[in-house]
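A.B. asks: To start, I am sharing the structure in question, which I have written as structure tokens.
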Amino acid sequence: MWNSVPDAELLTAAKSGALRKNPSVQVERMLKDPKAGRFIDDFTRQWLQRDKVDDFGPDVRVFKNVRRMTVDSMGREGRELFRYLLEKGLSMEHFIDSDFVMANDRLARFYRLPAVKGDAFVPVKLPKGSERGGLVAQAGFLKLTSTDFATSPIHRGSWILKNLYNENIEPPADVVIKEPDIRGTTTIREAILKHQELESCARCHSKIDPLGFALEFYDPVGRKRPEYRHVEELPVERDGTTFTKKIKFTKVPIESAMKLPDGREVRDLPTLKAVLMADRERIIKGIIGKLISYAHGRDVTRADRPYIDTVFKSAAQKNDSLRAAIHAIVAHPEFGRK
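Residues in the sequence shown are numbered consecutively from 188, following this note's numbering.
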């Protein structure tokens with residue numbers, strides 16, 4: 188909770204037996220303390236990789252109007268959503284979809300929402316018809332899973348499986364992975380679909396690719412786009428020296444519709460969110476698994492399923508509250524055997 192040693196009150200509660208008898212008292216006290224911000228910082232950094240949002244660009248030649256401070260705000264949005272849900276005792280469903288976003292002045296301007304004053308993040312109600320809300324609609328996530336100038340459906344889809352469903356998609360150790368032959372392909376879709384033609388790749392890519400392609404209407408910095416802008420560097424000659432500074436953009440249609448292995452079609456962000464909401468229980472259990480993994484300092488396994496189920500049922504009694512889930516983890520007998 189605090190990333191530190193126990194204070195006197197916690198030690199006293201442990202010594203008297205009160206901590207084991209009713210840990211909720213200390214959990215609540217510690218969550219209300221400003222030092223709980225250390226847990227929020229550390230957990231969201233590990234879970235959402237928010238410190239890596241600015242690892243790539245953006246390429247200033249392509250995204251001229253995206254300022255550094257706006258990118259910094261993108262990296263903070265996921266943390267602030269977690270903090271707000273925790274502080275207010277709100278449902279983990281808001282990680283899937285929500286009617287509000289957490290924004291400061293720069294992010295509100297980037298999302299074209301009503302003005303927010305200052306650097307502090309506050310909840311901002313979304314207008315009717317907005318596709319924002321939830322983790323997969325955050326610019327930080329969309330940028331994290333892109334390069335400096337191109338989106339990556341594979342990275343976006345695998346991130347969703349790993350971090351929302353908490354699904355391990357690493358290939359078995361005895362499987363030899365072969366790179367597909369992408370000669371003759373002309374679009375990113377054609378190249379990526381080549382993976383599904385290989386038996387060693389098809390099982391994972393049949394789940395990854397539809398989730399990722401549904402987000403192709405959002406560019407590498409998380410802005411909505413109607414089509415791809417193919418970037419081509421053109422040579423420019425000056426004083427006998429050739430440079431490649433001139434940029435040419437060519438519009439290319441986006442083909443995003445794909446079917447998941449169970450037959451459900453996803454083609455854009457709204458249909459993706461519909462799938463995620465239909466899988467609501469699996470995703471909330473996936474998030475609980477991430478919390479348990481953090482609490483115990485290890486990956487969760489199949490043996491932890493009863494643990495996860497118990498926490499899920501406890502949180503469900505309080506509208507799937509994030510705060511209630513943390514209380515339930517600490518109260519579980521397995522936590523005392525960490």
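Quick reminder that beta carbons are idealized off the backbone N, C-alpha and C, glycines included.
Computed from a predicted structure; not experimentally measured.
#1: Let me know the beta strand (DSSP E) ranges lying completely inside the segment 285-363, each 3 residues or longer, listed in chain order.
#2: Cα separation between residue 326 and residue 511?
#3: Does the segment 283-300 come close enough to the segment 316-324 that 3 or more CB-CB pairs lie under 8 Å?
#4: Who are the near neighbours of residue 295 in its chain, counting only those whose CB is closer than 8 Å to its CB and skipping five residues on each side?
#5: Under 8 Å Cβ to Cβ from residue 278, same chain only, skipping five residues before and after it: list those, please.
#6: Provide the residue span of the alpha helix (DSSP H) that contains residue 514, from first to last.
#7: By the DSSP assignment, the alpha helix (DSSP H) with residue 234 in it spans what residues?
#8: Please look up how many angstroms separate the CB atoms of residue 237 and residue 231, rounded, as I've assumed it's under 8 Å.
#9: With 16 as the cutoff for other CB atoms within 10 Å, does residue 399 come out buried or exposed?
#10: Quick one, which of 331, 498 and 213 has its alpha-carbon nearest residue 468's?
#11: Spell out a yes or no on whether the segment 254-264 and the segment 216-223 are touching, meaning 3 or more CB-CB pairs, one atom from each, closer than 8 Å.
#12: Could you please give the first and the last residue of the uninterrupted alpha helix (DSSP H) stretch that includes residue 497?
#13: Going by the beta-carbon positions, is the gap between residue 292 and residue 305 smaller than 8 Å?
#14: Let me make sure I understand the geometry here. Which of 261, 503, 450 and 487 has the alpha-carbon closest to that of residue 521?
#15: By Cβ distance, which residues of its chain are closer than 6 Å to residue 346, with the 5 residues on each side in sequence left out?
#16: So which of 389, 349 and 456 has the shortest CA-CA distance to residue 413?
#17: If you reduce the DSSP assignment to three classes, tell me which class residue 439 lands in.
#18: Quick one: what does DSSP say residue 407 is sitting in, helix, strand or coil?
#19: According to the Cβ coordinates, are residue 394 and residue 348 closer than 8 Å?
#20: How many whole angstroms separate the CB atoms of residue 441 and residue 404, which I take to be in contact at a CB cut-off of 8 Å?
C.D. replies: On the basis of the supplied data:
#1: 287-290 and 309-312
#2: Your numbering for residue 326 matches position 139 in the sequence shown. Your numbering for residue 511 matches position 324 in the sequence shown. One C-alpha to the other measures close to 28 Å.
#3: yes
#4: Against the sequence shown, residue 295 aligns to sequence position 108. Here the set comprises 301, 302, 303 and 311.
#5: For the purposes of this step, residue 278 is taken as the residue at position 91 of the sequence shown. So the qualifying residues of the chain are 272, 506, 507, 508 and 509.
#6: In the sequence shown, the residue the question calls residue 514 occupies position 327. Start and end: 509-518.
#7: The residue you call residue 234 lines up with position 47 of the sequence shown. 223-235 is the span of the alpha helix (DSSP H), which, as asked, contains residue 234.
#8: For this step, residue 237 is matched to residue 50 along the sequence shown. For this step, residue 231 is matched to residue 44 along the sequence shown. Between residue 231 and residue 237 the Cβ distance is about 6 Å, and since that is below 8 Å, they are a contact.
#9: If you number the sequence shown from 1, residue 399 lands on position 212. By the 10 Å Cβ count, residue 399 comes out buried.
#10: Residue mapping note: residue 468 aligns to position 281 of the sequence shown, counting from 1. Taking only the C-alpha atoms, the option nearest residue 468 is 498.
#11: no
#12: For the purposes of this step, residue 497 is taken as the residue at position 310 of the sequence shown. Per DSSP, residue 497 belongs to the alpha helix (DSSP H) from 492-503.
#13: Working through the sequence shown from its first residue, we reach residue 292 at position 105. Working through the sequence shown from its first residue, we reach residue 305 at position 118. It is a contact, given that the beta carbons lie within the stated cut-off.
#14: In the sequence shown, the residue the question calls residue 521 occupies position 334. Nearest of 261, 503, 450 and 487 to residue 521, Cα basis: 487.
#15: For this step, residue 346 is matched to residue 159 along the sequence shown. If we look at residue 346 and ignore the five residues flanking it on each side, its Cβ neighbours are 332.
#16: Counting from one through the sequence shown, the residue named residue 413 turns up at place 226. Nearest C-alpha to residue 413: 456.
#17: Reading the sequence shown from its first residue, position 252 is the one you call residue 439. DSSP places residue 439 in strand when its eight states are reduced to three.
#18: For the purposes of this step, residue 407 is taken as the residue at position 220 of the sequence shown. Looking at residue 407 - three-state DSSP - the assignment turns out to be coil, as it is neither helix nor strand.
#19: Stepping through the sequence shown from its first residue, residue 394 is reached at position 207. Stepping through the sequence shown from its first residue, residue 348 is reached at position 161. A contact, by the Cβ cut-off of 8 Å.
#20: Looking up residue 441 in the sequence shown gives position 254. Looking up residue 404 in the sequence shown gives position 217. The pair is a contact, with the Cβ atoms about 6 Å apart (cut-off 8 Å).
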